[in-house]
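Colleague:
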Amino acid sequence: MSYTIWCNAALNERAESLLVEGLDGHRVVFAEERLASVLKAGKSDAGLAEADVVFGQPEAAECLLRKKIKWVAVTSAGYGRYDTPEFLESFKARGAVFTSSSSVFAEPCAQHVMAMMLALGRQLLESHAEQLGDRQWKFFERRSASVLMNGQTVLLLGYGNIARRLTELLAPFGMKIYAVRRKAHSERGVFVISEERVTSVLGEADHVVNLLPDNEATRNYVNARRLAACKPGARFYNIGRGTTVDENALMQALESGRLGAAYLDVFAEEPLPSSSRLWTTRNCFITPHTAGGRSDQDVALVRHFLGNFGKWAEGREEAMGDRVV
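As structure tokens, then:
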């Protein structure tokens with residue numbers, strides 16, 4: 004059977020050729036407006052009316068209107084704009100499939116967090132700041148402030164593909180790893196905890212890694228109350244979504260010294276305005292939503308999609324990767 008696949012992702016030439024070749028025998032329709040950023044949702048597009056399969060970042064409401072759509076594959080790990088009861092229940096009711104691209108970004112995101120853990124522990128950021136600043140040889144200060152990750156405690160807020168990969172990368176350090184998620188069942192090498200235990204574990208964790216998606220239940224999840232429960236000097240990392248953190252409360256926790264440091268890759272408003280106090284807050288380290296970055300991103304996304312397409316076309320939806328519905 005031949006299908007029509009609609010795409011609004013702004014792919015590079017190699018990835019686009021791979022997509023078209025991989026869908027030989029099917030019709031590929033590209034949207035009038037192609038999106039380079041997964042943070043934006045596509046606009047209404049006439050081509051969606053003919054689509055059986057959608058690949059990219061479509062407008063959620065239009066996907067609900069187009070009853071012919073049988074599968075939506077988004078090109079991001081997060082899917083906040085689609086994570087509503089209306090959208091997910093509608094897809095379930097009509098037997099449609101919805102997938103993310105979480106596994107494409109698991110490795111770079113996990114490596115990004117680990118890199119920052121090591122950089123903070125080994126005083127690399129402070130040493131670099133001194134190189135750019137007064138160029139003082141702070142031998143004793145930097146050596147005495149350096150800490151080992153071995154045996155430390157980590158709390159993961161959210162436990163999906165990225166958290167699983169991070170757990171694997173941290174395994175050689177013999178760290179005690181806790182994770183909180185909606186469905187609490189055991190995982191190898193991880194203590195999965197219920198929501199009720201978060202406050203007590205915050206008081207034990209040396210590292211708190213936020214991986215939460217954006218939805219009604221997670222907005223401002225990391226608030227003043229939870230930050231006050233953190234172990235003094237703990238380090239906080241956010242590669243989930245910026246809306247899940249009360250940024251004012253976070254700045255206060257850093258300025259008071261309650262938190263030892265914060266590494267932020269995502270923000271409530273992106274790009275982060277140059278006027279934001281986060282840029283100059285003590286021990287706050289910023290990257291511009293690059294945790295998931297990889298030079299082969301477009302090709303990796305297409306390969307992930309084509310792998311799932313083969314399973315979907317054969318009626319093996321249960322075998323599809325990153326399936327949400």
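Numbering (our numbering), first residue to last: 4 to 328.
Using N, Cα and C, we set each Cβ at its ideal position, and we do this for glycine too.
Do you know how far the Cα of glycine 124 is from the Cα of arginine 185?
Modeller: 31 Å
Colleague: Among Gly28, Gly236 and Asn164, which one has its Cα closest to the Cα of valine 211?
Modeller: Gly236
Colleague: Can you grab the Cα-Cα spacing for the pair glutamine 300 / alanine 80, in whole Å?
Modeller: 12 Å
Colleague: For glycine 161, which residues from the same chain have a beta carbon less than 8 Å from its beta carbon, with the 5 sequence-adjacent residues on both sides left out?
Modeller: Ala182, Val183, Arg184, Asn213, Leu214, Leu215, Pro216 and Gly243
Colleague: Excluding five sequence neighbours on each side, which residues of the same chain lie with their C-beta closer than 8 Å to the C-beta of proline 3?
Modeller: What is shown of the chain runs 4 to 328, which leaves residue 3 out entirely.
Colleague: Report yes or no: do three or more beta-carbon pairs, one from the segment 128-139 and one from the segment 95-109, lie closer than 8 Å?
Modeller: With the cut-off at 8 Å, the segment 128-139 and the segment 95-109 do not touch.
Colleague: Provide the residue(s) that pair with tryptophan 74 in DSSP beta bridges, ordered along the chain.
Modeller: Val56 and Val100
Colleague: If you reduce the DSSP assignment to three classes, tell me which class tyrosine 266 lands in.
Modeller: strand
Colleague: Just the C-alpha distance for tyrosine 224 and glutamate 53, rounded to the nearest angstrom, thanks.
Modeller: 40 Å
Colleague: Among Glu317, Leu267, Glu320 and Trp315, whose alpha-carbon lies nearest the alpha-carbon of alanine 118?
Modeller: Ranking the options by Cα distance to alanine 118, first place goes to Leu267.
Colleague: With a CB to CB cut of under 8 Å and the five nearest residues on each side skipped, what residues in its chain are close to lysine 70?
Modeller: Arg97
Colleague: Taking contact to mean at least 3 C-beta pairs separated by less than 8 Å, is the segment 273-287 in contact with the segment 243-257?
Modeller: yes
Colleague: Determine the direct distance from the alpha carbon of methionine 323 to that of lysine 314, and round the result to whole angstroms.
Modeller: 6 Å
Colleague: Skipping 5 residues on each side, what residues in its chain have a beta carbon closer than 8 Å to that of glutamate 199?
Modeller: none
Colleague: Give me, in chain order, the residues of the same chain whose beta-carbon lies closer than 6 Å to that of glycine 59; leave out the 5 immediate sequence neighbours on both sides.
Modeller: Cβ within range, chain order: Cys10, Asn11, Ala12 and Thr78.
Colleague: Quick one: what does DSSP say tryptophan 9 is sitting in, helix, strand or coil?
Modeller: Correct three-state label for tryptophan 9: strand.
Colleague: Which first and last residues belong to the beta strand (DSSP E) in which lysine 43 is found?
Modeller: Run containing lysine 43: none; DSSP gives neither H nor E here.
Colleague: Less than 9 Å between the C-beta atoms of arginine 30 and leucine 14, yes or no?
Modeller: no
Colleague: Using a 10 Å radius around the Cβ and a threshold of 16 neighbouring Cβ atoms, would you call tryptophan 140 buried or exposed?
Modeller: By the Cβ-count criterion, tryptophan 140 is exposed, with fewer than 16 other Cβ atoms from all chains shown falling within 10 Å of its own Cβ.
Colleague: Between which two residues does the alpha helix (DSSP H) carrying glutamate 258 extend?
Modeller: If you look at glutamate 258, you'll find it in the alpha helix (DSSP H) that goes 250-259.
Colleague: Going by the beta-carbon positions, is the gap between tyrosine 6 and alanine 208 smaller than 9 Å?
Modeller: no
Colleague: What are the start and end residues of each continuous alpha helix (DSSP H) run of 4 or more residues lying completely inside the segment 191-253, in chain order?
Modeller: 201-205 and 227-231
Colleague: Excluding the 5 residues flanking glycine 136 on each side, which residues of the same chain have their C-beta closer than 8 Å to its C-beta?
Modeller: none
Colleague: Keeping to the same chain, check which residues put their C-beta closer than 7 Å to that of asparagine 153; ignore five residues upstream and five downstream.
Modeller: Scanning its chain for C-beta atoms nearer than 7 Å, with the 5 sequence neighbours on each side dropped, one finds around asparagine 153 the residues Phe176 and Gly177, in chain order.
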